[in-house]
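>
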Amino acid sequence: MNLKDLVKHILIIILFSCISLSGEAQDSIPQTGDIYVARAVVIDGDTMWVADLDEVYIFPTKRFSSRRERRRYTRLIYNIKKAYPWAKMAGERLAEVEIQMDSIETEREQKAYIKVVEKEMLKDYKDDLKKLTVTQGRLLIKLVDRETGDTSYELVKELRGNLSAAFWQALARLFGSNLKSEYDADGEDRLIEEIIILIENGQL
Numbered sequence: 003m004n005l006k007d008l009v010k011h012i013l014i015i016i017l018f019s020c021i022s023l024s025g026e027a028q029d030s031i032p033q034t035g036d037i038y039v040a041r042a043v044v045i046d047g048d049t050m051w052v053a054d055l056d057e058v059y060i061f062p063t064k065r066f067s068s069r070r071e072r073r074r075y076t077r078l079i080y081n082i083k084k085a086y087p088w089a090k091m092a093g094e095r096l097a098e099v100e101i102q103m104d105s106i107e108t109e110r111e112q113k114a115y116i117k118v119v120e121k122e123m124l125k126d127y128k129d130d131l132k133k134l135t136v137t138q139g140r141l142l143i144k145l146v147d148r149e150t151g152d153t154s155y156e157l158v159k160e161l162r163g164n165l166s167a168a169f170w171q172a173l174a175r176l177f178g179s180n181l182k183s184e185y186d187a188d189g190e191d192r193l194i195e196e197i198i199i200l201i202e203n204g205q206l
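Start counting the sequence shown at 3; every next residue gets the next number (our numbering).
Below is the structure:
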């Protein structure tokens, strides 16, 4: 099994919960036809328009010592944009799975439920996960910890058991990956955190 296939199989197990969620955006100003309704307050006789503005994050200007360093930064942004949506969906779906698991009485029924969800994930998302590169897969392992609060190893252990977690961890280490990788937003992953904040705020 090559490294790309290894990462693919690990992600299929970890991200069985990545069932797509949908939502509707809502404007801060209600609109009906050509009529706009805006909120306002009266201060000392003057009517002031009130609007909710998005936060804007300001980070130091990036300075690169070489073109290669600039390309590496640009590539990191690209890889995060590929991996982050999967990690975010995993966090959201995992929360739903945990709620559902709490309502299932027996361990046998819980295992059956997990298998059903995993089967759905394999059917709907296997082809998309296969398109992730090895670098994006490694990045995703860290981002899963960011979104769920648990490392990929802990998630596999919880959902599949100790033996399965140890097996996948051993294979991952053989190919230079680590399912126990923790996300350090204030340390070695500070640049990744900065990029994610800018992406979430629509600045990248």
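Each residue gets a CB set at the ideal place from its N, CA and C atoms; glycine is no exception.
These figures come from a predicted structure and were not determined experimentally.
Which residue's Cα is closest to the Cα of residue 132: 59, 65, 196, 84?
Counted from its first residue, the sequence shown places residue 132 at position 130. Answer by Cα proximity: 84.
> Would you tell me roughly how many angstroms separate the C-alpha atoms of residue 48 and residue 58, rounded to the nearest one?
Residue mapping note: residue 48 aligns to position 46 of the sequence shown, counting from 1. Residue mapping note: residue 58 aligns to position 56 of the sequence shown, counting from 1. Their backbone Cα atoms lie some 28 Å apart in a straight line.
> With DSSP as the reference, please indicate the residues paired to residue 45 in a beta bridge.
In the sequence shown, the residue the question calls residue 45 occupies position 43. Bridge partners of residue 45: 48.
> Would you check if the distance between the CB atom of residue 79 and the CB atom of residue 206 is smaller than 9 Å?
Taking the sequence shown and counting its residues from 1, the one referred to as residue 79 is at position 77. Taking the sequence shown and counting its residues from 1, the one referred to as residue 206 is at position 204. Cβ distance < 9 Å, so residue 79 and residue 206 count as in contact.
> Please determine if the stretch 119 to 132 and the stretch 67 to 76 are in contact, where contact requires at least 3 C-beta pairs separated by less than 8 Å.
no
> Smallest Cα separation from residue 136: which of 105, 82, 151?
As a first step, residue 136 is located in the sequence shown; it is residue number 134 there, counting from the start. Checked all of 105, 82, 151; the closest Cα to residue 136 is 82.
> Measuring only the C-alpha atoms, how far is residue 127 from residue 148?
Stepping through the sequence shown from its first residue, residue 127 is reached at position 125. Stepping through the sequence shown from its first residue, residue 148 is reached at position 146. Cα to Cα, residue 127 sits roughly 21 Å from residue 148.
> Leaving out five residues before and five after residue 186 in sequence, what residues of the same chain have Cβ atoms less than 6 Å from its Cβ?
Your numbering for residue 186 matches position 184 in the sequence shown. Excluding positions up to five away in sequence, the list is empty.
> From residue 107 to residue 156, what does the alpha carbon distance come to, in whole angstroms?
What you label residue 107 is simply residue 105 of the sequence shown in a count that begins at 1. What you label residue 156 is simply residue 154 of the sequence shown in a count that begins at 1. So the two alpha carbons sit approximately 22 Å from each other.
> Measure the alpha-carbon distance for residue 93 versus residue 134 and round it to whole angstroms.
The residue labelled residue 93 in the question sits at position 91 within the sequence shown. The residue labelled residue 134 in the question sits at position 132 within the sequence shown. Approximately 18 Å, taken between the alpha carbons.
> If you draw a straight line from the C-alpha of residue 90 to the C-alpha of residue 51, how long is it?
As a working mapping, residue 90 is identified with position 88 in the sequence shown. As a working mapping, residue 51 is identified with position 49 in the sequence shown. For residue 90 and residue 51, the distance between alpha carbons rounds to 35 Å.
> Out of 97, 153, 61, which one is the CA nearest neighbour of residue 196?
Reading the sequence shown from its first residue, position 194 is the one you call residue 196. Selected option, being the one with the closest Cα: 61.
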